[in-house]
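When we follow numbering that gives the first Met the number 0, the leftmost residue of the sequence shown carries the number 0, and every step to the right adds one. All residues carry an ideal CB built from backbone N, CA and C; glycine is no exception. Notes follow once the structure below has been shown.
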Amino acid sequence: MAVTMADITKLRKMTGAGMMDCKNALTEANGDFDGAMKIIREKGQAVAAKRSDREASEGCVLVKVADGFGAIIALKCETDFVAKNEDFIKLTQAILDAAVANKCKTLEEVKALSMGDATIEQAVTDRSGITGEKMELDGYMTLEGASIATYNHQGKNFLCTMVALNKEVDPKVGHEVAMQIAAMNPIAVNEAGVPADVLEKEKEIAADKARQEGKPENMIEKIAMGRIGKFYKEVCLLNQEYIQDAKKTVADYLKSVDKDLTVTAFKRFTLRAE
0 MAVTMADITK LRKMTGAGMM DCKNALTEAN GDFDGAMKII REKGQAVAAK
50 RSDREASEGC VLVKVADGFG AIIALKCETD FVAKNEDFIK LTQAILDAAV
100 ANKCKTLEEV KALSMGDATI EQAVTDRSGI TGEKMELDGY MTLEGASIAT
150 YNHQGKNFLC TMVALNKEVD PKVGHEVAMQ IAAMNPIAVN EAGVPADVLE
200 KEKEIAADKA RQEGKPENMI EKIAMGRIGK FYKEVCLLNQ EYIQDAKKTV
250 ADYLKSVDKD LTVTAFKRFT LRAE
């Protein structure tokens, strides 16, 4: 049977596939929409299988908070061209919206959510068939709290952060701290949050450096601990120099706003190498 433009447009709205892909699928399925959708889906599965060993290093990273629940998610692809495509960004946003609305705690929960007549995992596979690139969901992170601020670096969808504060404050304050996290890449809120293995490795490095400098053995530990203090200032958010005023630490900045204000947790995800 003849395929009309109205049919092609309808299938395109249902699947997001290109006009020619929709026309070819409808022609092959003799105008049957279910059959055409199956054909498009199978194409996506074939592309995903063919490209499973390819690296998906580009993509779209977005962040959202609603009702005390925040999430960051990345939908990865192979090229910057696809990453900047409006439909690709819309799909990422739709996935994030669903994840936040359902307060999903894991990426597997997100993938299992319904999207249209399929799951989100299947929707990503379908999009892979449309673009011809490998796609995968990655970097799913969540935070919960009464006051969560977010930051999308320069609005370019490759680096997002979110930070939870222990009390409600002017949104600008949270935004400033979220920017700090993007710029300075801390690994912990404070000293207590630094992983034991990371700290032990830094102590070894500091001690070895002191020995190479010819420092007396009985002074090695003291010198190493002094250098660990510097390490804390680099990697602990509250200890870092505040990017808007180097004379203050982030903790100083927060106390200048409210003496009891502090950070309880943060998340950061980027597609770019540090």
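Close CB contacts of Ala177 within its chain, under the 7 Å cut and outside five residues either way in sequence, are with Ala148, Thr149, Tyr150, Thr160, Met161, Val162 (chain order). Within the same chain, and ignoring the five residues on either side of Ala28 in sequence, the residues whose Cβ sits closer than 8 Å to its Cβ are Gly34, Ala35, Lys37, Ile38. Checking the DSSP bridge columns, you'll see Glu199 has no partner listed.
If you check the CB distance, Asn184 and Arg267 come in under 8 Å. Beyond the five residues adjoining it in sequence on each side, Pro170 comes within less than 8 Å, by CB distance, of Ala148 in the same chain, given in chain order. Around the Cβ of Lys75, a 10 Å sphere holds 16 or more other Cβ atoms; the residue is buried.
In the displayed model, Ala264 falls within a strand according to three-state DSSP.
Three or more pairs of CB atoms, one per stretch, sit closer than 8 Å, so the segment 69-88 contacts the segment 131-147. The alpha-carbon of Asp259 is positioned some 60 Å away from that of Ile7. In terms of Cβ geometry, Ala187 and Lys202 do not form a close pair [threshold 8 Å].
Every alpha helix (DSSP H) stretch that sits fully inside the segment 168-228 and reaches 4 residues is listed by chain position as 170-183, 195-211.
Lys254 and Leu158 have their C-alpha atoms roughly 27 Å apart. Setting aside the 5 residues that flank it on each side, Glu57 is surrounded in the same chain by Lys75, Cys76, Glu77, Thr78, Asp79, Val81, Ala82, Leu270, each with a C-beta closer than 8 Å to its C-beta; the list follows chain order. Under a 10 Å Cβ-count criterion, Asp125 is classified as buried, with 16 or more other Cβ atoms of the shown protein chains found around its own Cβ. With fewer than 16 other Cβ atoms from the protein chains shown falling within 10 Å of its own Cβ, Thr3 counts as exposed.
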